[in-house]
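Step one of this worksheet: look at the structure below.
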Amino acid sequence: MISGDKMSSRKIGVVLNEGCGIDGPQLAIADLLARGFVFDEIIESNPKLKDDSFVLNRHIVADVADRLKQAVLEIREDDDFPVIIGGDHALAMGSIAAMKDSHRAVLWIDAHGDSNTPESSLTKRSHGMPVAALMGYGDDAFLDVIEPPFVRPEQFLLFGIRSLDDLEAKFIEEHNIPMITMDEILSHSEEEIIDIVLEKLRAFTSVHISFDLDSIDPVYSPGVSTPVAKGLHPSIPLKLIERLFKEEKVSSLDIVEYNPLHDNGNTLVILEETLRIVRRYKGVSKDE
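24 is the number of the first residue of the sequence shown in this note's numbering; add one for each residue after it.
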């Protein structure tokens, strides 16, 4: 269990769109700052770093991941709760590299599997590669940041998945990565599917949640870069996240892929509600 009695949450904003190559996610932090959000630290990508690979912007992404890893490690050392907000999902290579533990699960809430390798990826965009990279299958620049021991396949639980490339689906199957697709989610009530997730995570002492806002149906969450129809109702991830906090299982949290250029205010509300859950269970940042 992760005790929150003396813990405060600390928010890191990550300015990054180089992992997806789409305009908007890099504006998330500026948008939130303009709305009065407070961050303990902001990490910005460095577009001047040379890109010499067919993996899109790999050096820029690896640099952000490395700096984020160090920032999260410092928060861990202070026994505080890290909340990482971005920014495209490639950032999770850094946050999870810092939170690796053989007894910690990774709940990956996403429309996509993010389990491509440089060889399997059709787009060569690294925001579709972090799960594979965290397992040790990826570009050397990313693996140098993540470092062994890598996350074992069984430590992942992919949730809300409804868009997979063919080779990506094969990778997930061959490595037996636990996955709950949208089809399975829709065959259960909200309460049932949340219970199923909690049971699958029962063997682990803690959980890192990586919450991609495109997991939610774009009808409810348009403010993302790669929307996929027929997704989650917002109540499902929010209730699931709150249940995990209630059970004191959550060690750290990513909230990613907020794209204010596409939002009508609804995605922002979901992001804000997620942070309200954090405040209820882990307190506020020291500067708030």
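Glycine included, every Cβ here is placed at the ideal spot set by N, Cα and C. Fair warning: this is a prediction, and the values are worked out from it, not measured in the lab.
Between residue i and the ligand NAP, is the CB less than 8 angstroms from at least one heavy atom?
i, result
"residue 134", "Absent from the structure shown: the ligand NAP. Ligands present: none."
Any idea if residue i is buried or exposed, counting beta-carbon neighbours within 10 angstroms, 16 or more meaning buried?
i, result
"residue 77", "exposed"
"residue 28", "At residue 28 the pLDDT is 48, less than 50, meaning the model places this residue with poor confidence and gives no usable figure here."
"residue 241", "buried"
"residue 20", "Since the first and last residues shown for the chain are 24 and 311, residue 20 lies out of range."
"residue 58", "exposed"
"residue 196", "exposed"
"residue 170", "exposed"
"residue 199", "exposed"
"residue 361", "Residue 361 cannot be examined here, being either before or after the span of the chain that is shown, 24 to 311."
"residue 8", "Since the displayed the chain opens at 24 and closes at 311, residue 8 lies outside it and no answer follows."
"residue 323", "Limits of the chain in this structure are 24 at one end and 311 at the other, which puts residue 323 out of reach."
"residue 70", "exposed"
"residue 193", "exposed"
"residue 31", "buried"
"residue 150", "buried"
"residue 86", "buried"
"residue 225", "exposed"
"residue 248", "buried"
"residue 73", "exposed"
"residue 273", "buried"
"residue 37", "buried"
"residue 275", "buried"
"residue 252", "exposed"
"residue 61", "exposed"
"residue 238", "buried"
"residue 295", "exposed"
"residue 92", "buried"
"residue 280", "buried"
So if DSSP puts residue i in a beta bridge, which residue, or which two residues, is it bridged to?
i, result
"residue 128", "230"
"residue 33", "105"
"residue 38", "67"
"residue 180", "130"
"residue 135", "186"
Within the continuous alpha helix (DSSP H) that includes residue i, where are the two ends?
i, result
"residue 117", "115-122"
"residue 154", "153-157"
"residue 165", "163-169"
"residue 91", "81-100"
"residue 55", "51-57"
"residue 295", "289-305"
Could you spell out the range, first to last residue, of the beta strand (DSSP E) harbouring residue i?
i, result
"residue 277", "273-279"
4-residue-minimum alpha helix (DSSP H) runs that sit fully inside the stretch 193-259, ordered along the chain
205-209 and 213-223
Quick check: the stretch 92-112 against the stretch 201-210, are at least 3 beta-carbon pairs closer than 8 angstroms?
no
If we count Cβ pairs, one from each stretch, closer than 8 angstroms, do we get three or more for the stretch 159-169 versus the stretch 82-101?
yes
Below 8 angstroms, how does it come out for the stretch 256-272 and the stretch 138-155: are there three or more Cβ pairs, yes or no?
No: the two stretches stay apart, fewer than three of their Cβ pairs being nearer than 8 angstroms.
Does the contact criterion of 3 or more C-beta pairs under 8 angstroms hold for the stretch 231-243 versus the stretch 212-221?
no
Could you tell me whether the stretch 63-76 touches the stretch 172-181, using the rule of 3 or more Cβ pairs below 8 angstroms?
no
Touch test, the stretch 46-53 against the stretch 115-122, Cβ-Cβ under 8 angstroms, three pairs minimum
no
Given 8 angstroms, three or more beta-carbon pairs between the stretch 278-290 and the stretch 47-62:
yes
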